[in-house]
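Numbering (our numbering), first residue to last: 118 to 396.
Idealized CB from N, CA, C, for every residue including glycine.
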């Protein structure tokens with residue numbers, strides 16, 4: 118089992134629930150428990166009264182979807198539970214997922230405050246910029262949640278590599294995800310006038326593809342020239358990727374990403390779900 122738990126923060130809004138289908142698919146295929154996490158304001162009795170009814174309803178619908186998914190895929194049903202914290206939403210999420218056990222945090226970019234001119238909501242932004250020690254899958258909140266299908270909704274993964282050890286360090290981790298979810302890899306390198314030639318970039322990616330194929334993973338590669346973030350966003354969108362996976366390093370979140378400002382631009386400008394993994 119790669120993850121003991123898949124944690125989904127919810128705030129009662131339909132936008133926050135857009136993360137649920139992704140959590141359901143990952144947890145079902147990996148045999149992980151789903152935890153629906155809510156953070157309630159201190160002393161708000163009305164929030165507490167509404168909370169139990171809401172969570173019971175979501176747990177019921179999530180269990181039903183998992184049963185249906187397991188029937189389609191022939192997998193064993195998994196558990197669905199809930200947890201509650203009090204106080205600040207971002208801090209409550211962090212205190213829960215940083216407790217030490219292996220988990221994946223799956224959350225929508227926006228919640229109760231709704232969509233705005235900002236590409237990422239305030240709670241998700243605080244989590245991204247925090248000392249989060251667990252991998253984070255950010256789902257772009259665009260409206261109604263997607264239903265999980267037998268074939269899966271995470272079939273194509275784009276993995277940008279910049280040649281650094283930090284970016285390469287997550288490949289073994291992503292390989293386990295790909296094997297569990299039956300997800301194909303596309304390794305992606307962007308060259309500019311200041312770095313390697315196209316030939317050397319292709320040789321670099323080709324070597325990694327050969328390694329992945331030996332593990333039974335469907336893998337290909339692509340080299341493009343231009344500004345890194347713009348090329349990643351454009352290629353992921355036009356080719357219909359289900360996921361972009363990028364590495365992080367250190368303990369200070371977005372400010373020390375292995376791809377620096379490139380990763381920040383992908384987060385703020387992209388439309389594809391983004392998996393962030395600490396190298």
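Judged by their CB atoms, residue 246 and residue 215 are not nearer to each other than the 8 angstroms cut-off.
Annotation: the region 311 to 339 contains the following complete segments of the alpha helix (DSSP H) (minimum length 4 residues), in chain order: 315 to 331. Secondary-structure assignment with DSSP links residue 276 through a beta bridge to 304. In the same chain as residue 219, and ignoring 5 residues on each side of it, the C-beta atoms closer than 7 angstroms to its own belong to 120 and 121, in chain order.
Within the model, the alpha-carbon separation for residue 382 versus residue 346 is close to 6 angstroms.
Look at residue 256 here: in three-state DSSP terms it is strand. The Cβ atoms of residue 183 and residue 200 do not sit closer than 8 angstroms to each other. Excluding residues up to 5 positions away in sequence, nothing lies with its Cβ nearer than 7 angstroms to the Cβ of residue 191 in the same chain. Each residue's CA atom was taken as its position, placing residue 287 and residue 363 some 8 angstroms apart. According to DSSP, residue 203 shares a beta bridge with 157.
Counting only residues of its own chain and dropping the five nearest sequence neighbours on each side, residue 126 has a CB closer than 6 angstroms to the CB of 154, 210 and 224. Secondary structure note for residue 362: it is in no alpha helix (DSSP H), and the uninterrupted beta strand (DSSP E) holding it is 360 to 365. Ranked by Cα distance from residue 159, the options 205, 168, 333 and 335 are led by 205. Residue 327 counts as exposed, since fewer than 16 other C-beta atoms from the protein chains shown sit within 10 angstroms of its C-beta. Counting other Cβ atoms within 10 Å of its Cβ, residue 138 reaches 16 or more and is therefore classed as buried.
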